[in-house]
Structures are given as structure tokens and as C-alpha cells.
Amino acid sequence: MNRRNPLAAVVLAAAAGIGLAFSPSPAAAMTGGRELPEPGAAPWMATFAVKGTQPLLDRASCGGTLVAPDRVLTAGHCLAGLDPAKLEVHLGASVLSTNPGKVVEISRAVIAPGYEIIPSPLAPNDPNRASAKNDLAVVVLETPVTDVRPVPIGSTRPGPDTPIAVYGHGLTADPSKPSNGDIRGDVLRRGDLTTIDHNSCVASTPAVVDEKSTVCAQDPAGAPVVGPCYGDSGGPAIATTNGRDELVGVFSFGGETAGKLCGDPAASAFADPTSVRRWVLTA
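Positions -29 to -1, 1 to 254 (mature numbering (1 follows the signal peptide of the UniProt record, and there is no 0)) are the ones given, in order, by the sequence shown.
And the structure:
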């Protein structure tokens, strides 16, 4: 994850009239997984974008999840230091270039108490190697959404070996490889991961992993590798419990903290919303 604010680069580019088309500054997007181009495939999936007249694909950045009719949950690092009045939320945008989804205006944004970027012990001056704790932010919408069913926040933190589904519009391959061609995340993707225990997560990266606020997961198959890449920050991790989908994670950081590229086998870290449900719904 690039610990410079993922939307900040998009805001500056939009103000200058520059087409950004998924700058590498957003943290982590989906490599592998499968495309979900059908309208309504994930109507609760939120995509944040700078207000403007450019194509949505050029303005979009972090993801999020509708967790209540008037609330979207995303990563704290996606919104820290930004004026929410300059942003808009697109719900259910299955294909950014042709189906921008339902546009909703933002009333206010609240960063989680205790949110903190943690510099890497090995590379303290490299924001890409940093991790985070309490990496959550609530966006309160101006008007409640009545035609989309929210995804409820899980009541308990998922234990190791729990299957989760992650969603995002981020890059589909590492941008540093010239042979990758067009890697913009136009079509929504879903990837399936499995949660791992805290010790395994710590062993996967030199970054600090805050056990209290972070849950980690990894692709159990490994080839081809499924995982987040640049652009997927704030996106949901969803587990199915007793036949009901529940939000159990918000994408925070990944293999970039260990110097790995998108598509390399790596653990992904998710901010845990289950212990702060009351705050999310009342902030």
C-alpha cells in the first residue's frame, strides 16, 4: 500500500485537468480473481471518485462498502487529509467506463479513533512499506440509499481458515512491468482468499501488523495468484455466515510492505470492522 493518500493524487490530477487512469498511488488492486461485469453483481460496492467531468475510470480510486442506508465504510488512509466535499460515491459500478452505478453525495467523513500509519522498521522513509492500525473511515451520505441492501458488519472477527471474498476495481497486474499493457481495473473483480493466523501474517512482512485491528488473508491456491494490487484500498472482505454475507474486513495493505509486486504470493491485511460496529453506525 502506498501510504500517501490514494485519492490525493487523483484530486490534484483532476484539478489540473490530467487524465489519471489509475495512478499507482492508490494502494493495492486485484490480480487474478474473476470479472463481475453484470449490473447488480455487487450493488453495495462503493467506488470513490473525485467530482469532475472526466470519465469515471480516470477519477476513481478507493473502494468501500454500503453498511447502512446512509453509511459507507472504507479505509482511513483513503480519506485522511481530504475534503469530502470534493468527492462522490458510485454504488454498484460494475464497469466503470460503461456502468458508473448510482452516484450519491457525501455529507461528511469520520476517520476511526486511533487511526495511525506505522512506518516500516526496515524502511521508515518509504510510504509503500508502511502499515496501518485502525485503518477505517465512515462516510455519511447526504441521502439514505433505499434501493440497495447494505452488507451488515459481522458480529465477530473471523478466525483462521475462514473463506472470504474480496472485491475491487484496482489494477489487474503490477504497473512496473512494461509487458502488462492495459491494466486499469475497469471491470469489478472478485477474488477468494482464506484468513491466516496473526503469526503467519507477521512472518510474511517486515512491517508492523497491529493484531488488535488487523485480520490477514492469503490466496490458498497460489497459481495464478489472487490478491489486491494498486487501487483496491478500502474494498470489502466478505464472509458468509449461516447463509448471510457479512463484512469482516476493509483492505488496508499487502505485499508491497515486504517489497513484493502485484501478483506475487503475499498476505493481504484488512482492517477489522467487527469490533467497532457501534462506532461505524453512530459516528
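For each residue, glycine too, the CB sits at the ideal point set by N, CA and C.
Distance between residue j and residue i (C-alpha atoms, nearest Å)
i	j	result
Pro134	Arg160	17 Å
Met16	Gly72	10 Å
Leu37	Pro207	10 Å
Val122	Ala20	21 Å
Ser68	Asp235	28 Å
Thr166	Thr228	18 Å
Thr117	Leu62	12 Å
Ser175	Cys233	15 Å
Asn96	Ser102	12 Å
Pro26	Asn70	11 Å
residue 255	Pro177	This structure leaves residue 255 out entirely; the chain is present only between -29 and 254.
First and last residue of the uninterrupted beta strand (DSSP E) at residue i
i	result
Thr253	First-last for Thr253: Arg248 to Thr253, but that is the alpha helix (DSSP H), not the beta strand (DSSP E).
Leu44	Arg42 to Thr45
Ala51	No beta strand (DSSP E) holds Ala51; DSSP gives it neither H nor E.
Leu27	Per DSSP, Leu27 belongs to no beta strand (DSSP E); it is in the alpha helix (DSSP H), Leu27 to Arg30.
Lys104	Ser102 to Lys104
Asp216	Arg215 to Phe224
Ile88	Glu87 to Ile89
Pro134	Pro134 to Gly139
Val21	Met16 to Val21
Pro191	Note, Pro191: premise wrong, no beta strand (DSSP E); not H, not E.
Ala208	Pro207 to Thr212
Where residue i falls, given that 16 or more other Cβ within 10 Å makes a residue buried
i	result
Ser(-5)	Any reading at Ser(-5) needs caution, since the residue's pLDDT is 32, under 50, leaving its predicted position unreliable; the model's value is listed next. The residue is buried, with at least 16 neighbouring Cβ atoms inside 10 Å.
Arg100	buried
Lys104	buried
Arg42	buried
Ala56	exposed
Arg5	exposed
residue 267	Outside the modelled stretch of the chain, which goes from -29 to 254, sits residue 267, for which no answer is possible.
Unbroken alpha helix (DSSP H) run spanning residue i, endpoints
i	result
Val173	His169 to Ala174
Residues bridged to residue i [DSSP beta-bridge criterion]
i	result
Asn70	Val66
Arg79	Val111
Val186	Phe241
Proximity test, residue i beta-carbon vs the ligand FAD heavy atom, cut-off 7 Å
i	result
Ala64	The model depicted lacks the ligand FAD and carries no ligand whatsoever.
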